[in-house]
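Those protein sequence lines, which keep their order, are chains Y and F.
Sequential numbering from 1 applies to the first sequence in this note's numbering.
Sequential numbering from 1 applies to the second sequence in this note's numbering.
Inspection log for the structure reproduced underneath, given as structure tokens.
Protein chains: 2
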Amino acid sequence: MNAASGAQRPAGGSPGEVLALIRDRPATTRADLARLTGLARSTVSQRVDALIEHGLVSETADRESTGGRPPHRLRLRTEDNVVLGVDVGATHCRIALTDIEGTIVEVREDQLLVSKGPEAVLSHVDRRMHEMLTATNKPLTAVKAIGIGVPGPVEFDTGRAVRPPIMRGWDDYPIPEFFTKRYDLDVLVDNDVNVMALGEHRIARPDVRYLLFVKVGTGIGCGIITERQLHRGAQGCAGDIGHIRVPAAHDQPCHCGNRGCLEGIASGEAMARRLSELGHEASSGRDVVELVAAGNMHALQLVRESGRLIGEVIAGAVNLFNPQTIVFGGVLARVSEHLLAGVREVVHQRSLALAARSLEIVPARTAQDAAVLGAGILAIEHYLESHNVNLRLTAT
Amino acid sequence: MNAASGAQRPAGGSPGEVLALIRDRPATTRADLARLTGLARSTVSQRVDALIEHGLVSETADRESTGGRPPHRLRLRTEDNVVLGVDVGATHCRIALTDIEGTIVEVREDQLLVSKGPEAVLSHVDRRMHEMLTATNKPLTAVKAIGIGVPGPVEFDTGRAVRPPIMRGWDDYPIPEFFTKRYDLDVLVDNDVNVMALGEHRIARPDVRYLLFVKVGTGIGCGIITERQLHRGAQGCAGDIGHIRVPAAHDQPCHCGNRGCLEGIASGEAMARRLSELGHEASSGRDVVELVAAGNMHALQLVRESGRLIGEVIAGAVNLFNPQTIVFGGVLARVSEHLLAGVREVVHQRSLALAARSLEIVPARTAQDAAVLGAGILAIEHYLESHNVNLRLTAT
Numbered sequence: 001m002n003a004a005s006g007a008q009r010p011a012g013g014s015p016g017e018v019l020a021l022i023r024d025r026p027a028t029t030r031a032d033l034a035r036l037t038g039l040a041r042s043t044v045s046q047r048v049d050a051l052i053e054h055g056l057v058s059e060t061a062d063r064e065s066t067g068g069r070p071p072h073r074l075r076l077r078t079e080d081n082v083v084l085g086v087d088v089g090a091t092h093c094r095i096a097l098t099d100i101e102g103t104i105v106e107v108r109e110d111q112l113l114v115s116k117g118p119e120a121v122l123s124h125v126d127r128r129m130h131e132m133l134t135a136t137n138k139p140l141t142a143v144k145a146i147g148i149g150v151p152g153p154v155e156f157d158t159g160r161a162v163r164p165p166i167m168r169g170w171d172d173y174p175i176p177e178f179f180t181k182r183y184d185l186d187v188l189v190d191n192d193v194n195v196m197a198l199g200e201h202r203i204a205r206p207d208v209r210y211l212l213f214v215k216v217g218t219g220i221g222c223g224i225i226t227e228r229q230l231h232r233g234a235q236g237c238a239g240d241i242g243h244i245r246v247p248a249a250h251d252q253p254c255h256c257g258n259r260g261c262l263e264g265i266a267s268g269e270a271m272a273r274r275l276s277e278l279g280h281e282a283s284s285g286r287d288v289v290e291l292v293a294a295g296n297m298h299a300l301q302l303v304r305e306s307g308r309l310i311g312e313v314i315a316g317a318v319n320l321f322n323p324q325t326i327v328f329g330g331v332l333a334r335v336s337e338h339l340l341a342g343v344r345e346v347v348h349q350r351s352l353a354l355a356a357r358s359l360e361i362v363p364a365r366t367a368q369d370a371a372v373l374g375a376g377i378l379a380i381e382h383y384l385e386s387h388n389v390n391l392r393l394t395a396t
Numbered sequence: 001m002n003a004a005s006g007a008q009r010p011a012g013g014s015p016g017e018v019l020a021l022i023r024d025r026p027a028t029t030r031a032d033l034a035r036l037t038g039l040a041r042s043t044v045s046q047r048v049d050a051l052i053e054h055g056l057v058s059e060t061a062d063r064e065s066t067g068g069r070p071p072h073r074l075r076l077r078t079e080d081n082v083v084l085g086v087d088v089g090a091t092h093c094r095i096a097l098t099d100i101e102g103t104i105v106e107v108r109e110d111q112l113l114v115s116k117g118p119e120a121v122l123s124h125v126d127r128r129m130h131e132m133l134t135a136t137n138k139p140l141t142a143v144k145a146i147g148i149g150v151p152g153p154v155e156f157d158t159g160r161a162v163r164p165p166i167m168r169g170w171d172d173y174p175i176p177e178f179f180t181k182r183y184d185l186d187v188l189v190d191n192d193v194n195v196m197a198l199g200e201h202r203i204a205r206p207d208v209r210y211l212l213f214v215k216v217g218t219g220i221g222c223g224i225i226t227e228r229q230l231h232r233g234a235q236g237c238a239g240d241i242g243h244i245r246v247p248a249a250h251d252q253p254c255h256c257g258n259r260g261c262l263e264g265i266a267s268g269e270a271m272a273r274r275l276s277e278l279g280h281e282a283s284s285g286r287d288v289v290e291l292v293a294a295g296n297m298h299a300l301q302l303v304r305e306s307g308r309l310i311g312e313v314i315a316g317a318v319n320l321f322n323p324q325t326i327v328f329g330g331v332l333a334r335v336s337e338h339l340l341a342g343v344r345e346v347v348h349q350r351s352l353a354l355a356a357r358s359l360e361i362v363p364a365r366t367a368q369d370a371a372v373l374g375a376g377i378l379a380i381e382h383y384l385e386s387h388n389v390n391l392r393l394t395a396t
């Protein structure tokens, strides 16, 4: 027999695991927790008391009990613990108020140019947050964390964009501090593709261990899920496939200063440029999608050829990473039938047979909500984890 | 503040964690274990008793104690628990008997062609295992698991080579069963680059979270460490960079049936072929290394140019994966000065600045022992983990 068994690990009993047992409801009493974790009763009590003190869990006497001392039921306080998931796009801003189980409570979307700069965009987010709290009758203190996806490379540990090509005025701007100066909460910032990958994974494909989420819009980027977690890499910039040099392609100059980058020849912007050279009216990926929908043959051929070029880079990623599923999102995924035909053609020709054997190449299921869901989940998972760490520091 | 704190997680108290606390020596008594894990005394006793029953831990009265009931000391039984680490190369077979703390006890190396087929090679391993057990005066039952690295793609879950180009007769052969039919132990099989990556990581660079180990020998392959674990991917064949198409290179046919593969133009074999076309005597990577050492200018230029071609593919891997360290091993790493100069040149030109900023590109430290150490560690980690699972099945 090769390899370790896939059997589940025991619950163990760290504070976070105690919380997870309550959230997922195998444990509704202190006695359940002691039984499921093997922890001493005194340790369970210490951890549950801390969760109650932090307002995450409530404990109420069970009135349905008949005779004897009624057991006390433990429950996650979702109504008092919410997060904000923010999707800052090149030309829009979508915001969702989400409870800590990941359910969207309120959502707002506005047209807003990211190039207006961080103060304008983040002030807008701040105003919308207050409106949504008022609309749902929640106090500001209910917001435990904010997750934000932005359209550019982010150094995850500091929450700053690093030389983002399409975010004028945002380079090195301390995004988290805009909020942490005003409120007592944590702010997580990541690039848009990472939060989309997280949203798609947690909501639509939680059982996939190795997933690539490829966004094809104005630019091209990739979010990586490995062992069900986001892989950000050493500097937090993993997945930047837009500037990988495409094998067997023309050495078209790219705005990054190099030649032959995938983004420079296969993105929505590159397709629109090529179509307008051919005399069609197109200035964005959205226009390319509309031309395809209208049956324009040039647009259709171009989307398929872009799929092949993306396939050249994805074939390398398949050999390196051996994913189980590759999901395509971004505006060009609306014509995924044509785009993915090109991708599949090259991937199956160029990738190792073993890796390509049962590889899924599919459009995203979460559609327009991928980013707000993912940003919200980023905030929730961080809040529960940081809480876990805090508990450990106070518990002996 | 962005991101979760890097603080250590609490010990928790699963059977494996109890074992780790004993092995790493923060816990030498049952009282230590109860204190460090927060587990009930009865749970600690149950788990320690199971570890003693399985022969992994011994408990002896401490004679140095003065007065009162002497405490009982817990200790890992390294002398009765060993594994075999096997490095099957194209033309050699190196075998190490290693204790479960990862220390090599005995080692043997022989010239042996992998193309002799599985029966011949595995019978040789079996004979050498018995010799080494006799030499160290250990019974067969002391061998708890065998780890084997082979020079070809492996489906890790079944331990079978999958269409391996240089392992004649091994395709789909059930390697683990050769031993499991004879003995009561588990056998883990992985490709040579994965076990080298594991050996280099655990022994020389345990603190690196994201590492690529690139082997440049007869072929070219890559082992991936992410969050300190081997990343094998969905089918266990991640890291197969030898058949990624090289951007901006001639479309040389490759033995895999495609054109322009990295291995077809930059491997030791490809360099030797090119040198012999130029009139030099070279039939293997080893010959290329010797020509470079002798100051042959063609060989030197070729190694540097191969470094550049490898750099083209590695630049893409850096953008996708954002590693902290890239380690080079294999026979061509003996001329790493020239090889890595070419790699660094292209990686720094083509990779995202943020990802390349503090990237280390270095030769391996574990040298010829990387594979046997890694194969041994694969066996040890599996044995302790499977043991952990067994314990959980017996403990209530």
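Idealized CB from N, CA, C, for every residue including glycine.
Identified DSSP bridge partners for residue i
i	result
E59(Y)	L74(Y)
L215(F)	For the sequence presented, residue 215(F) should be read as Lys rather than Leu. DSSP output for K215(F) lists G221(F), G329(F) as bridge partner(s).
Y210(Y)	T226(Y)
P176(Y)	Partner(s): none; P176(Y) has no beta bridge.
N191(Y)	V150(Y)
I361(F)	I326(F)
D369(Y)	Beta-bridge pairing links D369(Y) to no other residue.
D186(F)	A145(F)
D171(F)	A161(F)
L39(F)	L39(Y)
Option in the options with minimal Cα separation from residue i
i	options	result
V86(Y)	E155(Y), M132(Y), D287(Y), V246(Y)	M132(Y)
E269(F)	E177(F), E53(F), I244(F), S306(F)	S306(F)
A157(F)	T226(F), K138(F), R232(F)	According to the sequence displayed, residue 157(F) carries Asp and not Ala. The shortest C-alpha separation from D157(F) is found at R232(F).
F213(Y)	C237(Y), N296(Y), A34(Y), I326(Y)	I326(Y)
H243(F)	D99(F), S267(F), A161(F)	S267(F)
M271(Y)	N258(Y), L354(Y), E290(Y)	E290(Y)
E385(F)	L74(F), T136(F), R128(F), I100(F)	I100(F)
D49(F)	L36(F), H72(F), G38(F), R35(F)	H72(F)
D126(F)	D190(F), F179(F), L112(F)	F179(F)
S358(Y)	R245(Y), L230(Y), L211(Y), V121(Y)	L211(Y)
H255(Y)	A161(Y), P165(Y), M129(Y)	P165(Y)
L354(F)	H382(F), G102(F), Q324(F)	Q324(F)
R245(F)	H280(F), N191(F), E312(F)	E312(F)
P153(F)	R273(F), V88(F), C237(F), A379(F)	C237(F)
G376(Y)	A161(Y), N194(Y), L51(Y), A61(Y)	N194(Y)
W170(Y)	L185(Y), R182(Y), P151(Y), L188(Y)	P151(Y)
K138(Y)	T78(Y), M167(Y), L51(Y), G117(Y)	T78(Y)
What are the uninterrupted segments assigned as beta strand (DSSP E) that are 3 or more residues long and contained completely in the stretch 79-166 of chain Y, given in chain order? 82-88, 92-99, 104-111, 143-150
Give, in chain order, every residue of the stretch 28-49 of chain F whose Cβ lies closer than 7 Å to some Cβ of chain Y. G38, L39, A40, T43
Do three or more CB pairs link the stretch 352-367 of chain F to the stretch 197-209 of chain F at distances below 8 Å? yes
By the 9 Å beta-carbon criterion, what residues does the stretch 321-347 of chain F contribute toward chain Y? F321, N322, P323, Q324, T325
What residues in the stretch 239-255 of chain F have a beta carbon less than 9 Å from any beta carbon of chain Y? G239, D240, I241, G242, H243, I244, R245, V246, P247, A248, A249, D251
Cβ-based contacts, 8 Å cut-off: residues of the stretch 304-318 of chain Y near chain F: E312, V313, A315, G316, A317
What residues from the stretch 155-170 of chain Y come within 8 Å of chain F, judged by C-beta to C-beta, listed N to C? E155, F156, D157, T158, G159, V162, R163
Inter-stretch contact at 8 Å, needing at least 3 Cβ pairs: the stretch 103-111 of chain Y / the stretch 48-63 of chain Y: no
Pairs of beta-carbons, one from the stretch 328-339 of chain Y and one from the stretch 298-317 of chain Y, closer than 8 Å: are there three or more? yes
What are the residues of the stretch 226-237 of chain F that lie near chain Y, defined by any Cβ-Cβ distance shorter than 9 Å? T226, E227, Q229, H231, R232, G233, A234, Q235, G236, C237
Are there three or more Cβ pairs, one per stretch, closer than 8 Å when the stretch 173-183 of chain F is compared with the stretch 219-227 of chain F? no
Given a limit of 8 Å on CB to CB distance, which residues of the stretch 209-220 of chain Y reach chain F? R209, Y210
Continuous alpha helix (DSSP H) assignments of at least 4 residues falling wholly in the stretch 237-276 of chain Y: 262-266
Would you say the stretch 26-33 of chain F touches the stretch 21-29 of chain Y, given that touching needs at least three Cβ pairs under 8 Å? no
Three-pair Cβ contact test at 8 Å for the stretch 309-322 of chain F versus the stretch 347-362 of chain F: yes
Output needed in chain order: residues of the stretch 124-158 of chain F with a Cβ under 8 Å from some Cβ in chain Y. P153, E155, F156, D157, T158
Going residue by residue through the stretch 285-322 of chain F, where are the continuous alpha helix (DSSP H) segments of at least 4 residues, counting only ones entirely within it? 285-293, 297-321
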